[in-house]
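Residue numbers (my numbering), protein chains in the order written: chain A, 4 to 118; chain B, 4 to 116.
Even for Gly, the Cβ is constructed at its ideal location relative to N, Cα and C.
One structure is given below, encoded as structure tokens.
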């Protein structure tokens with residue numbers, strides 16, 4: 004069985020602040036994949052990043068960065084110098100090689116960036 | 004734009020009715036997935052098809068069924084609709100499956116009155 008926990012239900016920041024969204028996952032598998040998706044107010048789900056369990060390198064893409072730590076089963080997402088356009092619900096998700104292709108999602112974190 | 008298309012965008016219907024949601028995957032993708040997003044259940048995996056065959060089933064009700072056609076588009080059929088079926092239904096596609104990245108369509112918002 005697998006589980007994803009996003010303990011932060013809502014976060015509100017002022018523009019230009021840095022913000023970190025937490026994601027903790029549970030699995031006994033050694034091969035798994037982690038994802039982050041963004042759901043803006045328009046409703047679509049936008050893919051942000053995919054990470055496999057064997058690659059613990061942190062990744063940076065512009066203002067976005069991800070910190071993957073197997074020791075704490077966490078895959079946290081940081082937005083640097085947040086902007087109003089970052090306002091959205093962010094979902095962390097997990098899929099296991101052993102149990103097929105379904106994504107198990109966390110409950111999401113709603114981020115509001117105020118001007 | 005993910006390249007995955009879904010129609011219709013919105014659907015309003017009555018309890019007891021039947022509806023069909025349609026999805027066209029990204030060009031070249033063989034796997035199609037259906038997910039339901041509701042306030043109480045969050046995002047839940049329903050079913051996956053790969054190249055026309057059912058590959059995996061999740062929390063899909065018996066009143067719901069899906070299929071993938073030879074041109075790889077997929078349809079999700081919801082019957083005997085109940086108020087609780089009101090939700091956002093997403094289709095996603097990936098190249099093959101096996102943990103490939105899933106790209107999501109814009110969703111179909113179903114309202115059952």
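Got a sec? Which residues, its chain only, sit under 6 Å from residue 32(A) by beta carbon, not counting five neighbours each side?
-> 99, 101, listed in sequence order.
Taking 8 Å as the CB-CB cut-off, is residue 17(B) touching chain A?
-> Judged by the 8 Å Cβ criterion, residue 17(B) is not in contact with chain A.
Which residue comes first and which comes last in the beta strand (DSSP E) that contains residue 13(B)?
-> 13-16 is the extent of the beta strand (DSSP E) around residue 13(B).
Spatial distance of residue 31(B) from residue 39(A) (CA atoms) | Rounded to whole angstroms, the gap between the alpha carbons of residue 31(B) and residue 39(A) is 23 Å.
Give the DSSP bridge partners of residue 70(A), in chain order.
-> Beta-bridge annotation (DSSP): residue 70(A) is paired with 79(A).
If you pair each beta-carbon of the segment 91-98 of chain A with each one of the segment 15-29 of chain A, do three or more pairs fall below 8 Å?
-> In short, these stretches touch, since the Cβ pair count reaches three.
Can you tell me which of 5(A), 41(A), 19(A) puts its alpha carbon nearest to the alpha carbon of residue 112(A)?
-> With distances taken between CA atoms, residue 112(A) lies nearest to 41(A) out of 5(A), 41(A), 19(A).
Decide yes or no for the touch test of the segment 68-76 of chain B against the segment 75-95 of chain A: beta carbon pairs closer than 8 Å, at least 3 of them.
-> Flag = no, the segment 68-76 of chain B and the segment 75-95 of chain A do not touch.
Should the segment 4-20 of chain B be regarded as contacting the segment 49-59 of chain B, the criterion being three or more beta carbon pairs within less than 8 Å?
-> They do not touch, by the three-pair rule.
Would you tell me roughly how many angstroms separate the C-alpha atoms of residue 86(B) and residue 12(A), rounded to the nearest one?
-> Their backbone Cα atoms lie some 26 Å apart in a straight line.
By Cβ distance, which residues of its chain are closer than 7 Å to residue 46(B), with the 5 residues on each side in sequence left out?
-> Closer than 7 Å at Cβ, skipping near neighbours: 38, 40.
Name the residues in the segment 44-70 of chain A whose C-beta lies less than 7 Å from a C-beta of chain B; which are they?
-> Taking 7 Å as the cut-off between beta carbons, the residues of the segment 44-70 of chain A near chain B are 46, 47, 48, 50, 53, in sequence order.
What separation, rounded to the nearest whole angstrom, lies between the Cα atoms of residue 109(A) and residue 92(A)?
-> Near 11 Å, if we compare the C-alpha coordinates of residue 92(A) and residue 109(A).
Below 6 Å CB to CB, which residues in the same chain sit around residue 58(B) once its five sequence neighbours on both sides are set aside?
-> Excluding positions up to five away in sequence, the list reads 51.
Roughly how many angstroms separate the alpha carbons of residue 34(A) and residue 56(A), rounded to a whole number?
-> A direct Cα-to-Cα measurement between residue 34(A) and residue 56(A) gives close to 6 Å.
Run of the beta strand (DSSP E) containing residue 51(A), from where it starts to where it stops = Run containing residue 51(A): 49-55, per the beta strand (DSSP E) assignment.
Kindly indicate if chain B contains any beta-carbon less than 8 Å away from that of residue 36(A).
-> It does: the Cβ of residue 36(A) has a partner Cβ on chain B nearer than 8 Å.
Closer than 8 Å by beta-carbon distance: list the chain B residues that pair up with residue 33(A), in chain order.
-> One finds nothing in chain B with a Cβ atom closer than 8 Å to the Cβ of residue 33(A); even the nearest lies about 13 Å away.
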